[in-house]
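Participant:
4 protein chains.
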Amino acid sequence: MAIENKFPGKDVSLEDLKTKFPLVAKKNNNHKSCFDISGVTFGSDLIPIFAGPNMVESKELILDIAQNVKSSGAHFLRGGAFKPLTFPYRSDKYKETRESGIEWLKIAKNEINIPVITEVMEEKYLPLVCEVADILQIGSRNMQNYPFITACAKTGKPIMLKRHYGSSLRDWLGAAEYILYEGNKNVILCERGVSVPHTHRETSRFLLDLQVVPAAQELTHLPIIVDPSHATFWRPWVKSMALASVASGADGIMLEVHPDPPNAAVDPLQPIDYKEFSDLISSMDAVAKTQERKVK
Amino acid sequence: MAIENKFPGKDVSLEDLKTKFPLVAKKNNNHKSCFDISGVTFGSDLIPIFAGPNMVESKELILDIAQNVKSSGAHFLRGGAFKPLTFPYRSDKYKETRESGIEWLKIAKNEINIPVITEVMEEKYLPLVCEVADILQIGSRNMQNYPFITACAKTGKPIMLKRHYGSSLRDWLGAAEYILYEGNKNVILCERGVSVPHTHRETSRFLLDLQVVPAAQELTHLPIIVDPSHATFWRPWVKSMALASVASGADGIMLEVHPDPPNAAVDPLQPIDYKEFSDLISSMDAVAKTQERKVK
Amino acid sequence: MAIENKFPGKDVSLEDLKTKFPLVAKKNNNHKSCFDISGVTFGSDLIPIFAGPNMVESKELILDIAQNVKSSGAHFLRGGAFKPLTFPYRSDKYKETRESGIEWLKIAKNEINIPVITEVMEEKYLPLVCEVADILQIGSRNMQNYPFITACAKTGKPIMLKRHYGSSLRDWLGAAEYILYEGNKNVILCERGVSVPHTHRETSRFLLDLQVVPAAQELTHLPIIVDPSHATFWRPWVKSMALASVASGADGIMLEVHPDPPNAAVDPLQPIDYKEFSDLISSMDAVAKTQERKVK
Amino acid sequence: MAIENKFPGKDVSLEDLKTKFPLVAKKNNNHKSCFDISGVTFGSDLIPIFAGPNMVESKELILDIAQNVKSSGAHFLRGGAFKPLTFPYRSDKYKETRESGIEWLKIAKNEINIPVITEVMEEKYLPLVCEVADILQIGSRNMQNYPFITACAKTGKPIMLKRHYGSSLRDWLGAAEYILYEGNKNVILCERGVSVPHTHRETSRFLLDLQVVPAAQELTHLPIIVDPSHATFWRPWVKSMALASVASGADGIMLEVHPDPPNAAVDPLQPIDYKEFSDLISSMDAVAKTQERKVK
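Respectively, the protein sequence lines represent chains A, B, C and D. Under the working numbering, the first residue of the first sequence carries the number 76, and numbering increases by one thereafter. Under the working numbering, the first residue of the second sequence carries the number 76, and numbering increases by one thereafter. Under the working numbering, the first residue of the third sequence carries the number 76, and numbering increases by one thereafter. Under the working numbering, the first residue of the fourth sequence carries the number 76, and numbering increases by one thereafter.
1. Report yes or no: is there a C-beta of chain C within less than 9 Å of the C-beta of D:N80?
2. Consider the Cβ of A:R310: report whether some Cβ of chain D lies at a distance smaller than 9 Å.
3. If you drop the 5 nearest sequence neighbours on each side, which residues of the same chain put their C-beta closer than 6 Å to that of C:W179?
4. Mind checking if C:K364 is an interface residue toward chain D, Cβ cutoff 9 Å exclusive?
5. Which residues does DSSP list as the beta-bridge partners of A:T193?
6. What whole-angstrom Cβ distance do B:P343 and B:P336 have, given they're in contact under 8 Å?
7. Under 8 Å: do the region 142-151 of chain C and the region 182-196 of chain C share three or more Cβ pairs, one atom per stretch?
8. If we require 3 or more residues per run, which beta strand (DSSP E) segments fall completely within the region 84-141 of chain D?
9. Leaving out five residues before and five after B:I299 in sequence, what residues of the same chain have Cβ atoms less than 7 Å from its Cβ?
10. Smallest Cα separation from A:W312: which of B:C109, B:L294 and B:A156?
11. Check each candidate in C:W309, C:P123 and C:P233 and name the one with the smallest Cα separation from C:G258.
12. Which residues of the region 271-298 of chain D have a Cβ closer than 7 Å to any Cβ of chain B? Give them in chain order.
13. Out of D:H239, D:E197, D:I124 and D:S242, state which residue places its alpha-carbon closest to the alpha-carbon of D:A228.
14. For B:S215, which of B:F223, B:V341 and B:T94 has the nearest alpha-carbon?
15. Starting from C:M359, follow its DSSP beta bridges and name the residues at the other end.
16. Using a Cβ-Cβ cutoff of less than 8 Å, which residues in the same chain neighbour C:S357 once the five nearest sequence positions on both sides are dropped?
17. Against chain B, does D:G241 count as a neighbour if the rule is that its beta carbon must be under 9 Å from one of theirs?
18. Which chain C residues sit within Cβ distance under 7 Å of B:G249?
19. What does a CB cutoff of less than 7 Å around C:H106 pick up in its chain, not counting 5 residues either side in sequence?
20. Between C:D302, C:P163 and C:D246, which has its C-alpha nearest C:F96's C-alpha?
21. For the pair the region 240-255 of chain D and the region 159-173 of chain A, tell me if three or more CB-CB distances fall below 8 Å.
22. Taking CB distances under 9 Å as the criterion, tell me whether D:D120 reaches chain A.
23. With 9 Å as the threshold, decide whether the Cβ of B:R153 is near any Cβ in chain C.
24. Ignoring anything shorter than 4 residues or poking outside the region 142-204 of chain A, list the alpha helix (DSSP H) runs there in chain order.
25. Alpha carbons only, please: which of C:L283, C:S315 and C:K168 is nearest the one belonging to C:R238?
26. Specify, as a first and last residue, the run of the beta strand (DSSP E) that C:K374 falls within.
27. Would C:P272 pass as a contact of D:G241 if the rule is Cβ separation under 9 Å?
28. Would you mind stating whether B:I140 and B:V341 have Cβ atoms separated by less than 9 Å?
29. How about A:I182 and A:A156: do their beta carbons lie closer than 9 Å?
30. Below 9 Å between beta carbons: does that hold for B:N379 and B:F352?
31. Can you give me the C-alpha to C-alpha distance between B:D120 and B:K369, rounded to a whole angstrom?
32. Alpha carbon to alpha carbon, what distance is there between A:L89 and A:N104?
33. From the beta carbon of C:M65, is the nearest beta carbon of chain B less than 9 Å away?
34. Pull out every residue of the region 199-222 of chain D whose Cβ sits closer than 7 Å to any Cβ of chain A, in chain order.
35. Using a Cβ cut-off of 8 Å, which residues of the region 81-106 of chain A contact any Cβ in chain B, in chain order?
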């Protein structure tokens, strides 16, 4: 195949997509991928909900959260055992739980009977993480780590590819093309906020890019989900942005939920609590139903 | 009042707001301005809709549009007679209609009985524009033209202040403070897209910042409305972003509507047509009702 | 002239420029405007220096500064009497000196015999400001205030047009076209920092865009000068960025100079003192001479 | 060590740096790392130059380039054998030369006697790349791939860490801390352009952030070099930005050089040719000498 790439694309056009990203590109206007992961359908009228803590802090915590989010209607339990940190030091509280975290996730998955999505950061941990993950999460910072993406793709596991906060839609779809190129078709895109010149609080770094939902759906058949927790980094805004995400046409929602948000080990400003989550599920479902979709 | 401004604020904090922008700042968490303009209530459960063409192209066109958007449920007719253009040349098609446009708006307002919002760009045209406008629109490019803002405020007319596409929330609220400072309390904020490192199409310049809706509502009692037409600059994305705006908690929606979008005199990529508008009103109303609000 | 503007330009191409901005566009690769203002040549091998305080705080201060910067080699005295402020309140210290400031500038100009550049913000003050200004400064916030720009252009005075911090090169050149369109040929462009996703200090808002120097010079014949003081907002970085501006090919440099920077009435983090200015003039001249240009 | 990270830093403060990035932080104002790599001193008055093609296209080409850039004064030969590409397809021309490229680099290094810097993208290729590289280049896309950075650090080889185009100074310095944390002290930072809301050509994606040079030097003792070729992506602007980089105080310059730029296999818009490089070396040296530094 003769590929020319004389000029780097800041934006992406359908023509560009069809020649350079043929597997990611829609074949026609109605083309939309629909697939099943652990009994949950993606790309249909259902809008699956991923919920859980930023970090799998302990066995007790993850069991409690798994129980609660499942009973409120979450389809997947999310929780990190491996997590990239901006600098190499770890406090007693702010640290990854790694192998233990994976073990606790496994217990929660089995006892509560809920599928799991969790991040993997290194090829060498793929076998371990694949033991528990129904969906492998590739984090923002690894979005352009193509050898690693390829290794994840080759496991055959469904993959959720988070957009880097400095990434164009074109760069993001190019990374997804690497996964599809390996024959792995169960790819979910996840928007989680982008860096912009002006945020709105000292504590906020990102702005949720909901315009990318219709923009991506115009070009690709892959489901696109939205993570308002990381984008806002601020619990009081999560409800507003979650409802807006559903109304925008997102194909799934990822939320950080913790029983005691101010005491979460990591990023305590952003999780919502059980009651807020339960109420939000109902609100999101009501919005979804006005668009012939549903959350529960 | 002793004001120190040693450091420029990129973001805005509530403390900063309360000392430097005391009139814009909420007095308590439940503080929300509620006022009536030409029989339409802002800041209540109603989400008023502003609809119409980018440019008031002719008497016939604006009468037809006024009739149609009113019957579909619009609360205000929008349409520009004065419009800032990036360079000084005008084609036969791409030009302002100025005094004629104001005259045609007046006819539409009276014959169809619908209140009007239109942009004013110069102090000398304030008397003329005030003859027809129920709300004066201050455009993005004039957001920091403080002498002009002050002159508009002094007319006593309700004012909609559009955010500049390169402006922080702090700069925007500071401009609103200038209006309130003149004793003019009927101020509406309008988000219309911001410049970001990555947009999604060659033809798009802006990204709709819906995160600013909860962020602004956390700080100010003023109603905040959203203009998805200018932000997306792309008709196929307008529905998605309009519904998301309603779900985010916006206090009003501004939409560009034209009977024949591809032949609109200005910005033909962005207006929706009558049928799309009518359907969108129903969809927005359905979303609003899930949040105990309403569009009609 | 038939002008089509179907799509908004995020960037500017030479073809676009030649059709829509014919007066701003270079006629050939070597086309460069060269003109004289009050005995100082712009667009030649000389790199004129504008120096002075942010605010004309008092008669004594501006006389002292005028004397000092002139003896160190400044070609123009800069100083603001009118200044846009983000919110309407003024402290005893942080306020405009307005008519008094203009009067003091006039005294400094006459006693020290140095030409003056100062900002004008309203059409009604044009006659007053034109009494003292050898160059009218149009500030960032007024860059797209086209009626005002046109009024300034019609005075026939040389104009320095500052780039808005959220403005594209295309928007900036379009604003310059408005001035040339009125027959006023003495136009100087001034880069002063742009809003970006990441700045480098809590107190910094902007990033100096030096890449715009060769980019603008590729397209337009107008001189482009650089203001590192406002861009950096941080005195320790001013020298580095001033030297880089000269090396980049800038056609002039604007610097904030104050005898006692920490006690400057406005923006005390950014001015350099007399000694730093004097040393910087020599360093800039040395850099300029390596490129067959000169500062003194 | 007790580390709290309640709020994510958009900017970096010296206090933040000293507690969270103690190895990267300057110990005092005059603290500057100075080290030798293959006989070339970094962090002194010398400003080392890295020059060569984007891709090591063939043995003949790299030998010719090595010979030419060395005779003009380059201190290191740069050239990529491994290169991340935005999508998985490769044309006949646009592809990595991988093991062959490393072999050709080795020949050029030995025959021409010039040290080499080249990118490594995967841990498994570290032994191969370390055979030829005097400096390992970690590319922008891997800046936050912490396990990989750590593996590179452990080789003991000097490392050049490119800044991601969406990265804050804080994120960049945090990544450098990971390398120093492994006991590897020979770390060079490289600025290569950041994503911003407005670039200046359809073909440009980035803006060179020269303000980061004094900003980084205020905080860290590590040398910081600048790559104007990738930042501008446009040959006519490279000279201007290279000279500005030297004047800004950069501790090294990286340039793309190709004998026939329009026919370069990758990114043909950005390399300069031999004559331009030779002239630029002289110009950079002249600028450097005005600041008591030197290029040759």
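Ideal placement from N, C-alpha and C gives every residue a C-beta, glycine not left out. Everything numeric in this text was worked out from a predicted model, so none of it was measured.
Facilitator: In short:
1. With a pLDDT of 42 at D:N80, under the threshold of 50, the modelled position of this residue cannot be trusted; read the value that follows with caution. It does not; no Cβ of chain C falls within 9 Å.
2. no
3. V131, K134 and I137
4. yes
5. A:L211
6. 6 Å
7. yes
8. 110-112, 115-117 and 124-127
9. L264, E266, V288, A291, Q292, A325 and D326
10. B:L294
11. C:P233
12. V271, P272 and H273
13. D:E197
14. B:F223
15. In DSSP, C:M359 forms no bridge with anything.
16. none
17. yes
18. T161 and F162
19. H296
20. C:D246
21. yes
22. no
23. no
24. 173-187
25. C:L283
26. Since the displayed chain C opens at 76 and closes at 371, residue 374 of chain C lies outside it and no answer follows.
27. yes
28. no
29. no
30. In the structure displayed, chain B extends from 76 to 371; residue 379 of chain B sits before or after that span and is not available.
31. 6 Å
32. 11 Å
33. This structure gives no information on residue 65 of chain C, because the portion of chain C shown stretches from 76 to 371.
34. R216, N217, Q219, N220, Y221 and P222
35. K85, D86, V87 and S88
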